[in-house]
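Below: the structure, in structure tokens.
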Amino acid sequence: MSGKRRKPLGGEDNVFGFFDMSLFTLCAIVVIDTLPATASVGTSAAGWWIVTALLFFVPYGLVSAELGSAYPEKGGLGGWIARAFGPRWGARVTWLYWAQLALGLPSVYILLSSMTSRMFFPDLPLSGQVALAVGATWITVALSLRPLAQAKEIANAGALAKIAIVAGLLASALFHLFHHPPANDLSWQRLLPTWDGGLAFLPILLFNLAGFELMSGASDEMVDPRRDVPRAILTAGTVITALYLTATLSLQAMIPLEELSLVNGIIDALYRVFGSDGSGTFVADAVGSLVLFSIVATMIGWTLGVNRVAAAAAETGELPALFAKRHNRFGTPLGASLLTALLATALLLLYGRLAETSEELFWTLTAFASILFLLPYVGLFAAFIALRRRDGRAQGGYVIPGPSWLAFLLAFTAALFVVQAILLFLWVPGEPFDGAFALPVVAGVVATVATGERLIGKAEAEGKD
């Protein structure tokens, strides 16, 4: 499963520098569309953000910085795992990494369609929302196929839009607090993390903090990955933590928890503060439009990053050759991108016939895709431990400070958080087990893994011919 090195998957060398990498990572990780879900954890959400940042986000960032600096090879996450455990394991993780994108796009764009309907087309039926989601999917894939020098500008603009959105939420919250008391009790005692309720939303917190490794999918297009990956992770990680805390507290200051919609919470908050007519509508719709753009920008970033990882795996024979097909003009991963769009479209049409409301559709797709999304990170932390044990400290790149046992402890703790989050998506201790929800999700995950095994076997057979 080896092959000669080809041109970068974007067709260009040295177009991805520190500034771009920082904004790209910020755009990938800050998930505006799930902010209402994290805010609905309760007033203890701020405490949970801090706990999760210390025990997962910081270790994850340090691990990603060392791997991205020490092994700046094409393929990113899949390449690291293949280096640690062999090409078949690299292929398995890359397949899951790609599948979560194709299967997760529908949930994100159903949410985008619901928000668009809430703002501009209040009577739009679910079928219309599904049609909007399908259109957004193909636009995303088309834009992700542009050369990285162009596509990165969309991610950069998305990052700046997210900063502006959070600033807008903060300004809205301060305006609200100037005229009204906070919608929820935000005293220090209430901000401390509690097990009741918060535990159920811990997986969403992890989901909202993943993406440090994504930029390494384009490592062969970076200016200086050994130097810039750690710096970008540190810079983006600091800003991301501040943005999430600010946005969560701002939403909770404006909307009572029992009235916070998981899908339209941000738009509802803006309408509540500024009103739903006249100038109030203009302000709310302007910020809401930024939210819609930021969602598309996020998915463009994930689409171009993940499909580069899949294409790199296909070029070395780990996935079927169709994933490796490039755009004739731009050299970008056309095959993987088209497969992403086709699978996402099929799933949108299927779920559009089965779901009764957009919120039900959003949660069902999110749970399924999120488990697939989290599984590769178990492999990420395992690969870090294996590579550090085998290769020792990388020379010339970033190394996690302190003794190796501390680095192993950080990686192990973060991996436990991931495993716990996967289990919590299916069942929360203290609550009844909902088999009608959990069993189909598990069946979908098993079917996805089984499909991957067949495709990997096909790729191995292709390599022997």
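Numbering-wise (full-length UniProt numbering), the sequence shown opens with residue 1 and increments by one.
Glycine is no exception: its CB is placed at the ideal position from the N, C-alpha and C atoms.
Would you list the residues sitting across from Phe16 in a DSSP beta bridge? Met222
What are the boundary residues of the alpha helix (DSSP H) that Thr94 is part of? In the DSSP annotation of this structure, the continuous segment of the alpha helix (DSSP H) that includes Thr94 starts and ends at 87-120.
Report buried or exposed for Ser250, applying the criterion of at least 16 other Cβ atoms within 10 angstroms of its Cβ. So Ser250 counts as buried.
Rank Gly47, Asp20, Val239 by C-alpha distance to the C-alpha of Leu191 and give the top, closest one. Gly47
Does the Cβ of Ser44 have 16 or more other Cβ atoms within 10 Å, making it buried, or fewer, making it exposed? buried
Tell me whether the beta-carbon of Pro376 lies closer than 8 Å to the beta-carbon of Tyr71. no
Spatial neighbours of Arg353 within its chain, please: C-beta separation below 8 Å, excluding the five flanking residues on both sides. Counting only Cβ-Cβ distances below 8 Å, and skipping sequence neighbours, we find nothing.
Residues near Arg393 in its chain [Cβ-Cβ closer than 6 Å; skip 5 each side]: Val399
Within 10 Å of its beta-carbon, does Pro181 have 16 or more other beta-carbons around it, so buried, or fewer, so exposed? Exposed, by the Cβ-count rule.
Is the Cβ-Cβ distance between Ala253 and Leu270 less than 8 Å? no
Go ahead and pull the three-state DSSP assignment for Gln129. helix
In this structure, does DSSP put Ile29 in helix, strand or coil? helix
In whole angstroms, what separates the C-alpha of Val291 from that of Thr345? 22 Å
Please list the terminal residues of the continuous alpha helix (DSSP H) segment that includes Arg272. 265-274
Is Glu462 helix, strand or coil by DSSP? helix
Check whether the Cβ of Ser219 lies closer than 7 Å to any heavy atom of the ligand HEM, and answer yes or no. The ligand HEM is not among the ligands present in this structure, which contains no ligands whatsoever.
Report the residue from Leu439, Ala407, Leu426, Ala369 whose alpha carbon sits nearest the alpha carbon of Leu103. The candidate whose alpha carbon is nearest that of Leu103 is Ala369.
Sequence-distant residues of the same chain with beta carbon closer than 8 Å to Arg6, five excluded per side: Its pLDDT being 49, under 50, Arg6 is placed unreliably by the model, and nothing is read from it.
Exposed or buried, which one is Gly3 when buried takes at least 16 other CB atoms within 10 Å? For Gly3, the pLDDT reaches just 40, beneath the cut-off of 50, and the residue's location in the model is therefore unreliable, although a value from the coordinates is still provided. When all chains shown are included, Gly3 counts as exposed.
Which of the three DSSP states is assigned to Phe56 in this structure? helix
Given Ala218 as reference, the closest of Phe56, Pro59, Asn307 once Cα atoms are compared: Asn307
Could you tell me whether the Cβ atoms of Val51 and Pro193 are closer together than 8 Å? yes
Please classify Ile163: does DSSP put it in a helix, a strand, or coil? Under the three-state reduction of DSSP output, Ile163 falls in the helix class.
Comparing alpha-carbon positions, which option in Gly396, Ile385, Ala415, Met21 lies nearest Pro403? Ile385
Please report the Cβ distance between Trp95 and Leu455, rounded to the nearest whole angstrom; I am assuming they are in contact, meaning their Cβ atoms lie under 8 Å. With 8 Å as the limit, Trp95 and Leu455 qualify as a contact, their Cβ atoms being about 7 Å apart.
Check whether the segment 73-91 and the segment 429-437 touch, using three or more Cβ-Cβ pairs below 8 Å as the test. no
Express the C-alpha separation of Leu55 and Leu439 in angstroms, rounding to a whole number. 30 Å
CA nearest to the CA of Thr413, picked from Ala28, Leu23, Leu62, Leu26: Leu62
DSSP state of Ile233 mapped onto helix, strand, coil: Ile233 carries a helical assignment under DSSP once its states are collapsed to helix, strand and coil.
Over what stretch of residues does the alpha helix (DSSP H) that includes Thr345 continue unbroken? 334-354
Starting from Val419, trace the alpha helix (DSSP H) both ways and give me its first and last residue. 404-426
Determine the contact status of Leu372 and Thr298, defining contact as a CB-CB distance below 8 Å. no
How close, in whole Å, do the beta carbons of Asp268 and Lys152 come, if the pair is a contact with beta carbons under 8 Å? Wrong, their Cβ atoms sit about 33 Å apart, outside the cutoff.
Can you look up Trp80 in the DSSP assignment and give me helix, strand or coil? helix
Assumed close pair Ala164, Ser22 - CB separation to whole angstroms, cut-off 8 Å: 16 Å between Cβ atoms; not a contact.
Expected contact under 8 Å - CB spacing of His176 and Val58 to nearest Å: No, His176 and Val58 are not in contact; Cβ-Cβ is about 32 Å, not under 8 Å.
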